[in-house]
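The sequence shown runs contiguously to residue 505 in our numbering. Glycine residues also receive a C-beta, built at the ideal position from the N, C-alpha and C atoms.
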Amino acid sequence: MATRKAIEDEASKLLSRTGVDSTGPVDPVAVANELGLKVYNATFADEGIHGLIAKRPSSTSIYVNVNDRPVRKRFTVAHELGHFVLHLAAGEGEFIDTQDNFRTVQDPDTPWDAPRRTEWEANVFASALLMPKDAVLRAWKEIADPEGMAAFFQVSRQAMTFRLDSLGLLE
């Protein structure tokens, strides 16, 4: 069972390994491409699906809902990268993510089932990837406003608020 810090460290290592700029808005598609993953816009029969990742022997692909807003797509790609790094490293598989998966912000010490834990881990990873701790701390000195920070990092206000709170900046 990974801790928040261990998950955030994995996201940081991935940014270092891929060489993607992490001083401002991180491009999750560039990170995916550096790993050899393809990212596609897709139309899903179920509009409640935001994205999925499918790892096969020959390739790994991430699909995001073509109808989602850009900030939603960015978080979805980062979330699917979390599944790739944290949950698919050992072999093939896939994750299909709906809105409910992205609402999993519960305290990880509270007993819950493995699927919810897996989604929480992917959310923590996505947050740390798109909003690296050092970059957030630097930007907070200049901006110090959740809405302005969300615009700077190109994420939703909700995602930014969760990240700022997890870093102890909203007291």
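Contact annotation: methionine 494 and proline 480 have beta-carbon atoms nearer than 8 angstroms.
The Cβ atoms of asparagine 399 and histidine 384 sit closer than 8 angstroms to each other.
Separation of proline 359 and histidine 421 (C-alpha to C-alpha, rounded to the nearest whole angstrom) is 25 angstroms.
Our two residues, leucine 369 and isoleucine 477, have alpha carbons roughly 32 angstroms apart in a direct line. Using a 10 angstroms sphere on the CB of leucine 463, the tally of other CB atoms reaches 16 or more, which defines it as buried.
Counting of Cβ neighbours within 10 angstroms places arginine 497 among the buried residues, the total reaching 16 or more. Here valine 365 is near leucine 415, since their CB atoms are less than 8 angstroms apart. A straight-line Cα-Cα distance of about 6 angstroms links proline 362 and arginine 408. In the DSSP annotation of this structure, the continuous segment of the alpha helix (DSSP H) that includes threonine 495 starts and ends at 491-500. Selection Glu381, Ala379, Ala456 evaluated against valine 411 yields Ala456 as nearest (Cα-Cα). Contact between threonine 357 and alanine 485 does not hold, since their C-beta atoms are separated by about 16 angstroms, which reaches or exceeds 8 angstroms.
In the three-state DSSP reduction, leucine 464 falls in the helix class (H, G or I).
Under the three-state reduction of DSSP, valine 419 is assigned to helix.
For histidine 413, the closest alpha carbon among the candidates Ala345, Phe487, Arg351 is that of Ala345. Between the alpha carbons of serine 490 and glycine 502 lies a gap of roughly 18 angstroms. Burial state of arginine 472 is exposed, judged by a 10 Å Cβ sphere holding fewer than 16 other Cβ atoms.
About 16 angstroms separates the beta carbon of glutamine 488 from that of valine 373, a gap too long to meet the 8 angstroms contact definition.
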